[in-house]
Amino acid sequence: MARVLDASGLLTFEITTHGQTGESLIAMIKEAQRVREEKKEERRKNPEASFIRGSFGDNGPDHHIGENAELLLRHPEFMATDGVHHKLAILRGDQLQTGQRTNEHILMKAESFGCIDTPLGITPSIKEVFSDQTLRLMGLKALIVMHRPVFIEGLPWRIGFGRDDSTLWLDACSAKPEIEWYSWYGFVFSLRQQPGP
29 MARVLDASGL
39 LTFEITTHGQ
49 TGESLIAMIK
59 EAQRVREEKK
69 EERRKNPEAS
79 FIRGSFGDNG
89 PDHHIGENAE
99 LLLRHPEFMA
109 TDGVHHKLAI
119 LRGDQLQTGQ
129 RTNEHILMKA
139 ESFGCIDTPL
149 GITPSIKEVF
159 SDQTLRLMGL
169 KALIVMHRPV
179 FIEGLPWRIG
189 FGRDDSTLWL
199 DACSAKPEIE
209 WYSWYGFVFS
219 LRQQPGP
């Protein structure tokens, strides 16, 4: 996967989907947390044995998935695909001034660069590419997938993932126009396909 910072300041990259469903992503995150809890419990019961074996699983991150994120991943708007190629771009929050990192302004800025809504169904592929370590190297803590908002109980949401202290999270993020984000968020858009010759 190539990553190129173009003249506009966008980080562009390409992915190919591999058929992962929302349910499989939910199961993967919950299984990671189950293993984490087992390791913590093992060390709590026998800290000396854990030290001798070098088992320091409790020092790793927790894994959290929010209830609304599960609803997004199970929503009809989430359509898993396999073998579909996507050209994407990340607009970094630190490229925008304070007061300009609202959803409304971010969408306007991205549109001026030729960006469009990202399909909700490619979230697993994006998350697979941008690990916690990769985000750290980029100077980011979280990414929001800028898909068409999904309404839950009358409120608009988009899905996002990142790290908060010692927890890796995947959760629903507000899509209200006035919501403002920190500079360490990144926003993932699809790039409008250019017509062929």
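Counting from 29, one number per residue, gives the positions in the sequence shown under the working numbering. The C-beta atom is built at its ideal place from N, Cα and C for all residues, glycine as well.
A straight line joining the alpha-carbon of Cys-201 with that of Glu-208 spans about 11 Å. Taken atom to atom, the span from the alpha-carbon of Leu-198 to that of Pro-75 is near 30 Å. Judged by beta-carbon spacing, Thr-130 lies beyond the 8 Å limit of Pro-184, meaning their Cβ atoms are not closer than that value.
Under the rule that a run must span 3 or more residues, the beta strand (DSSP E) segments found entirely inside the region 36-122 read 39-46, 90-93 and 110-120.
Between the alpha carbons of Val-112 and Val-63 lies a distance of about 32 Å. About 29 Å separates the beta carbon of His-92 from that of Glu-42, a gap too long to meet the 8 Å contact definition. Within the region 133-186, complete beta strand (DSSP E) segments of at least 3 residues are found at 170-173 and 178-180, given in chain order. Per DSSP, the beta bridge partners of Tyr-213 are Ala-170. Short of 8 Å from the beta carbon of Ile-180, and not among the five residues preceding or following it, lie these beta carbons of its own chain, in chain order: Asn-96, Leu-99, Leu-100 and Ala-200. For Thr-195, DSSP records a beta bridge to Asp-90 and Asp-192.
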